[in-house]
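The structure under discussion appears below in the form of structure tokens.
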Amino acid sequence: MYYGGFSLFWVVVFAVAVIYLNSKINRLSSRLDKAEKRDPARSSSSATVPSLADIASSFSPESVPVPQAPAPAGPLEQVLTTDDAFKTKVDGEEKGGQWLGKIGVAAIVLGVSFFLKWAFDNNLIGSMGRVMLGVIGGTALVVVGQFLRKKYLVYSDIVTGGGIAILYLSIFAAFAFYHFIGQEIAMVLMFFVTALSVTLSVIGGTQQLAVLGIVGGFATPLLLSTGENNFGGLMSYLAVLDIGILCVAIFKKWNRLNILGFIGTALLSFGWYERFYTSADLFKVFFVLTLFFVIIYLIAGIIHNVLWKKQSRSEDLFLITCTAACYALGAYTLLNPLYHGVMGFFMFFLAVLYFGIAFIAYEMNSEDKILNLYLPGIAIVFLTLAMPIQFSGKWITLAWLVESALLVGMGSIVRRHSMNVFGLIVFGIGLVRLFTFDIYIPDISTYLPVFNSRFFLVLVAIIVAYFTGCMFIQHLGDGDDKGRKEGAIVFFVIANLLSLFILTADINAHYEKVIASKDRQLNSARFDFNANGGGELSERAQNEFRQKETSYYEEQQSTRNRRNTVVSIAWALYAVILTAIGFGAKRRLMRLLGLALLFVTAFKVLVDVWALGEVYRIISSISFGVIALLVSFAYAKFRHRLQEVL
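Next up, the structure:
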């Protein structure tokens, strides 16, 4: 009773669909006949049968239409353009008809499923007969769909897709329900159905059938699974499917097909890995991973745009990003347990690989600016990741700083602005890590000024900053001169700020080491005093300890005063050096930086005057005053040369 009512419902739905489609076709046919009566010459010329060359051209990439002068409007055009409101209604009805057709095909496929189950439960038709009916019905729908293709393209795809689905269902029933065929034969038959679907889609120039075929192709291993580990069979099947997708990608820009293939491959591969993988499978799994995500899908994401000089779109970049991420993550998961010590070099190899692919893509299609920016970006990401994976501690910062210099240098030499940008980003990352993790002193008692890792890292950062600024100045004629000048100024300022920072930091560290030594001596004296009785000692002993304590505090304050005085003098001398370099090299920026630093030093001295002791107050004020007078005299003496430079 349940099946009868349910079947009656689908019969009604199908009847309504047929009636609706028939009325819509009659209405459109009568309208076309009316237009043909107004302009029979134009309608007859437009109804030519496509030649064999036209069919063959469907395998080539979509050509760009050549603009032509508009033809004079005839009666047919007047009929079609004077009723825009009616055209909109027809388009809406046509979409509704398409959806109704899809619902009808789904109903037929569902009805066939119910029929096979009903016939199986009631034993009305033999097992072989049920399968043969499905195969004959599916094949008939495919043939009818291709017969309708000339006049009703969308409707043809709907009917053909229904036939393809019924063929999948029939083969599955022959394997799973009736056991007429084995797993291998069923997989081969389903593969041929998939190949048929993709071939018809390519010939027809629409990707709906290809999508249906690919979905069915990747569903085949799930439908035919026996729960056993068949690595070779599964991966060979996926490889054949993926190679077919790659072949289609050469001629057709069907991003949806590529993405579906990538998702299907990733899901099936990951499913096998989670259930069956052991360490003994490492190398063959790594080979398959490289085949799928580097050789096939990386190429599938770029080959059409590179070969046919087209621009990349967001779907292309999505596929390129997913393949790179999946391959790197999968390879790291496979190799890291046994080869952790070389994983950084593996990431470096990936960076070189993507740089090579980026170079080839640029040579073949230099107009695709998005792709030519994106591929080097992925390579730089791998190169940047290689540093923390392979190294540890301060070596990571050093590697990032050196990497930024290499990127800026290469970008300037080959005149690739994008590489300069990536180099600046990596330099910023290196500076952040430097000041976040590597700037602190773990043990001040063992610290040596200049000869320490912090000084060395900051020195490398200073050299890289000067190098970057010089490269910007050296390549001013390569375009964007204003941006390069501003960038050079910024990096020269950064270099000098870093120089001033490490100079001040090392001076402070030296005197902090002295203060720490005094603190240890004071703490030791307090410990001895308390161990000997403290307050129970004689008044004379207590007075001697208090005098010693006061002496320690005075020495500490004197050390701090010396530190502040030396910092002020060092700043002033550094400013003099900058000013001298500015005069000698005729660099106005250096002179301005030196002059600005002198004013900052003057403000510091003014603040320190109220905190320093008498002696250090005198030394600091006089030293800075002499230096400021010398610089002022230099400006006065060389003012004529200064005017010439300016």
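Okay, so the sequence shown: first residue is 1 according to my numbering, each after it adds one.
Each residue gets a CB set at the ideal place from its N, CA and C atoms; glycine is no exception.
Is it the case that the Cβ atoms of Phe455 and Asp506 are separated by a distance below 8 Å?
-> Yes; because the gap between Cβ atoms is below 8 Å, this pair is in contact.
Give every residue of the same chain whose Cβ lies closer than 7 Å to the Cβ of Tyr362, excluding the five residues on either side of it in the sequence, and list them in chain order.
-> Asn372
Around the C-beta of Val170, are 16 or more other C-beta atoms found within 10 angstroms, so that it is buried, or is it exposed?
-> Note that residue 170 is Ser in the sequence shown, not Val. By the neighbour-count rule (16 or more Cβ atoms within 10 Å), Ser170 is buried.
Helix, strand or coil for Ile181, going by three-state DSSP, please let me know.
-> coil
8 Å contact criterion, which Leu375 and Ala358 should meet: CB distance rounded | 4 Å
Could you please give the first and the last residue of the uninterrupted alpha helix (DSSP H) stretch that includes Arg433?
-> His417 to Phe437
Say whether the stretch 308-320 touches the stretch 338-352, bearing in mind that this needs 3 or more beta-carbon pairs closer than 8 Å, one atom from each stretch.
-> no
By how many angstroms is the C-alpha of Ala488 removed from the C-alpha of Phe427?
-> 14 Å
Ile444 and Ala509 look like a contact to me (Cβ under 8 Å); what is the Cβ gap, rounded to whole Å?
-> About 7 Å separates the CB atoms of Ile444 and Ala509; that is less than 8 Å, so the two are in contact.
Counting only runs that start and end within the stretch 302-371, where is the alpha helix (DSSP H) found for 4 or more residues in a row?
-> 314-339 and 343-364
Own chain partners of Arg416 with C-beta closer than 8 Å, once the 5 adjacent residues on each side are dropped | Pro376 and Met410
Measure the C-alpha to C-alpha separation of Arg560 and Phe583 and round it to an integer number of angstroms.
-> The C-alpha of Arg560 lies about 35 Å from the C-alpha of Phe583.
Which of helix, strand or coil DSSP assigns to Gln648 = Because residue 648 is not part of the residues shown, which for the chain are 1 to 646, the question remains open.
Could you round the C-beta distance between Thr397 and Leu457 to whole angstroms and report it? I think they count as a contact, below 8 Å.
-> Contact annotation, Thr397 with Leu457: C-beta distance approximately 6 Å; criterion of less than 8 Å satisfied.
Just mark Glu274 as buried or exposed, buried being the case when its beta carbon has 16 or more other beta carbons within 10 Å.
-> exposed
How big is the Cα-Cα spacing for Val626 and Glu554?
-> 29 Å
Using CA coordinates, which residue listed in Asn229, Ala210, Leu223 and Gly233 is at the minimum distance from Leu246?
-> Ala210
Is it true that the stretch 262-269 meets the stretch 212-225, where meeting means three or more beta-carbon pairs spaced less than 8 Å apart?
-> yes
Does DSSP put His475 in a helix, in a strand, or in coil?
-> coil
Return the chain-ordered list of same chain residues with a C-beta closer than 7 Å to the C-beta of Pro449, the five sequence neighbours on each side being excluded.
-> Only Asp506, Ala509 and His510 meet the Cβ criterion.
Per DSSP, what kind of secondary structure is Asp528 in: helix, strand or coil?
-> helix
Could you check how far apart the C-beta atoms of Gly217 and Thr194 are, in whole angstroms? I think they sit under 8 Å.
-> 4 Å
With a 10 Å radius around its C-beta and 16 neighbouring C-beta atoms as the bar for buried, classify Ser524 as buried or exposed.
-> exposed
Can you name the start and end residues of the alpha helix (DSSP H) that Trp170 belongs to?
-> Trp is not the amino acid found at residue 170; the sequence shown has Ser there. Where Ser170 is concerned, the enclosing alpha helix (DSSP H) stretches over Leu153 to Ala176.
Pick from Thr139, Val159 and Ala140 that is closest to Ala716, judged by C-alpha positions | Absent from the model: residue 716. The displayed extent of the chain is 1 to 646, so no value can be given.
Rank Tyr297, Leu289 and Val285 by C-alpha distance to the C-alpha of Arg256 and give the top, closest one.
-> Tyr297
Pro376 by DSSP, collapsed to three states: which one?
-> helix
For the stretch 170-180 and the stretch 122-138, state whether three or more C-beta atom pairs, one from each stretch, are separated by less than 8 Å.
-> yes
Exposed or buried, which one is Ile360 when buried takes at least 16 other CB atoms within 10 Å?
-> exposed
Collapsed DSSP secondary structure at Leu148 in the structure displayed | DSSP places Leu148 in the coil class of the three-state scheme, outside both helix and strand.
Go ahead and pull the three-state DSSP assignment for Gly134.
-> Reduced to three states, the DSSP call for Gly134 is helix.
Compare the beta carbon distance of Val198 and Met235 with 8 Å and say whether it is the shorter of the two.
-> no
Pro442 (DSSP reduced to helix, strand or coil) = coil
Is Gln557 near the ligand COA, judged by its Cβ being under 7 Å from some heavy atom?
-> The ligand COA is not part of the structure shown, which contains no ligands of any sort.
C-beta contact flag for Ala386 and Phe348 at 8 Å = yes
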